[in-house]
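K.L.:
Please see the structure below; I have some questions.
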Amino acid sequence: MNNIQIKLCRSLIGRNPKQIKTAHALGLKKINQIVIKEENAVLNGMLNIIKHLISINKNF
């Protein structure tokens, strides 16, 4: 599998609790925080939940 770089671009304040828990499960707690994860089906589902809050870079 490939690695994906995920960056939290927008604040979690005032978001749905499910979106906040998903971001925290990915290791994203602060704006502009970057994590690198291995791409799989579970991760893609989590990214779909918070796609409007993050930016994804597959070629880093």
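Numbers -2 to 57, taken from the numbering used here, label the letters of the sequence shown in order.
The beta-carbon is built from N, C-alpha and C at its ideal position, and this holds for glycine as well.
How should MET43 be labelled, buried or exposed, when 16 other C-beta atoms within 10 angstroms of its C-beta is the threshold for buried?
P.N.:
Label assigned to MET43: buried.
K.L.:
Does DSSP put GLN16 in a helix, a strand or coil?
P.N.:
Of the three classes helix, strand and coil, the one that applies to GLN16 here is helix, per DSSP.
K.L.:
Can you tell me whether ALA20 is buried or exposed, with buried defined as 16 or more other CB within 10 angstroms of its CB?
P.N.:
With 16 or more other Cβ atoms within 10 Å, it is buried.
K.L.:
Under 8 angstroms by Cβ, that's how I've got VAL39 and ILE3 pegged, so tell me the actual separation to the nearest angstrom.
P.N.:
Between ILE3 and VAL39 the Cβ distance is about 14 angstroms, and since that is not below 8 angstroms, they are no contact.
K.L.:
If you drop the 5 nearest sequence neighbours on each side, which residues of the same chain put their C-beta closer than 6 angstroms to that of GLY24?
P.N.:
Excluding sequence neighbours, GLY24 sits near VAL32.
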